[in-house]
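**Student:**
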Amino acid sequence: MALKTDKNKGDAGIATQEKIMTAAESIFASYGYDAATVRKIAVEADVPVALVNYHFGSKEGLYRAIFEKRAPMVVDQRETGLKLANAEPDLDRRIDLVVRAVMLPMFGYRENERGQNFARLVTREMTDPQSEARGVFREMFDSIALKVLDAIAECFPDWTKTEVHWAYHTMLGAMSLIVLDNGRIERLSGGEVRPDDWEQAATHVTAIIAAGFKHRDRTQTRGG
1 MALKTDKNKG DAGIATQEKI MTAAESIFAS YGYDAATVRK IAVEADVPVA LVNYHFGSKE
61 GLYRAIFEKR APMVVDQRET GLKLANAEPD LDRRIDLVVR AVMLPMFGYR ENERGQNFAR
121 LVTREMTDPQ SEARGVFREM FDSIALKVLD AIAECFPDWT KTEVHWAYHT MLGAMSLIVL
181 DNGRIERLSG GEVRPDDWEQ AATHVTAIIA AGFKHRDRTQ TRGG
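Numbering-wise, my numbering puts 222 at position 222 of the sequence shown, and it's gapless, one number per residue.
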C-alpha cells in the first residue's frame, strides 16, 4: 500500500510516518510479522494506534511500506555490484565479485541500529512460512535474484540449473545466519569475532562462499 501523500498532511504528517516506520522496523525485526501488533508499534512510536492505521491502512500496509522504501537501495547496490562483476572477463575473479554483490549490501546494514533492524527484517521475511502469501520478496527482490542466478550460471557454464539454484540459496543461508547473529559468534570466539563487524564478516564469508563455489565436488550433483 502506498503512503498517504495528500498535500494537507505537511511536514508533521511526514515526520509521523517516518517515526512510525522506524518503530515498526524495530518491532517487526524483534517479533516477526505475526507477533508484531499495531499496538506494540504505536507504543514504540509513542503515537495513538489510530494514527498507524490512518497513515498506512493496516499492519500489512505498514510492513509493505517499509520494504517499498528500503528494498530499492539493496537492489540498486546489488545491480551496481553485478555490473562490476560482469565487466570482469576472468570468470574465476568474476564469481568473487558476484558473491560480494549479494553479501555486502546486507552486511553493511549492520553498521547502525536501524540498518540492523532492516537486515533482520529482510531475513525474517525470507524465512517466514507466510512470506510467499504476502509476496514481498516476489515483487521487490525476485528480479535481482534472477540476475544473480544468471551471473552465477555465466561463471559456471557447465553447471546444471539445479546446481546454480542450490548454490545461490546456500549463499543466502550463510548471509542470513550472519545477519541474525546477536552475539553467539562473539561468545564462542571469546570476543575475537563480533557480528557487528560487517567488514570482517564480508571479507571472510564472501571468501568462503566463493571458494565453495569454485571447488565444489560435482561428482554427485552434476546430473541434476
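Ideal Cβ placement from N, Cα and C applies to all residues, glycine included.
1. For the alpha helix (DSSP H) that contains I108, what are its first and last residues?
2. Can you tell which of G191, T170, L146 has its C-alpha closest to the C-alpha of I208?
3. Count the other CB atoms within 10 Å of the CB of M73; is the residue buried (16 or more) or exposed (fewer)?
4. Which runs of the alpha helix (DSSP H) fall wholly inside the region 183 to 221 and span at least 4 residues, in chain order?
5. Would DSSP call P48 helix, strand or coil?
6. Is the beta carbon of F118 less than 8 Å from the beta carbon of M126?
7. Does the Cβ-Cβ distance between I178 and V205 come in under 8 Å?
8. Using a threshold of 8 Å, state whether the C-beta atoms of Y33 and Y63 are closer than that.
9. What separation, rounded to the nearest whole angstrom, lies between the Cα atoms of V193 and V164?
10. Can you tell me whether A12 is buried or exposed? The criterion is at least 16 other CB atoms within 10 Å of its CB, across all chains shown.
11. Using 8 Å as the Cβ pair cut-off and three pairs as the minimum, do the region 86 to 105 and the region 55 to 70 touch?
12. Excluding sequence positions up to five away, which residues of its chain have a Cβ less than 8 Å from the Cβ of Q130?
13. Given S26, which residues of its chain have a CB within under 7 Å of its CB, disregarding the five upstream and five downstream residues?
14. So what does DSSP say about A24, is it helix, strand or coil?
15. Can you look up Q77 in the DSSP assignment and give me helix, strand or coil?
16. Distance, Cα to Cα, A85 vs D46?
17. What residues in its chain sit with their C-beta under 6 Å from that of A153, if we drop five residues either side in the sequence?
18. Can you tell which of V75, F67, A36, E18 has the C-alpha that lies nearest to the C-alpha of A145?
19. DSSP on S143, reduced to helix/strand/coil?
**Tutor:** This is what the structure gives:
1. Reading off the sequence shown, one finds Gly at residue 108, where the question assumed Ile. From DSSP, the alpha helix (DSSP H) with G108 extends over 91 to 108.
2. T170
3. exposed
4. 184 to 188, 198 to 215
5. coil
6. no
7. yes
8. yes
9. 31 Å
10. exposed
11. no
12. Y33, D34
13. E44, N117
14. helix
15. helix
16. 45 Å
17. V164
18. V75
19. helix
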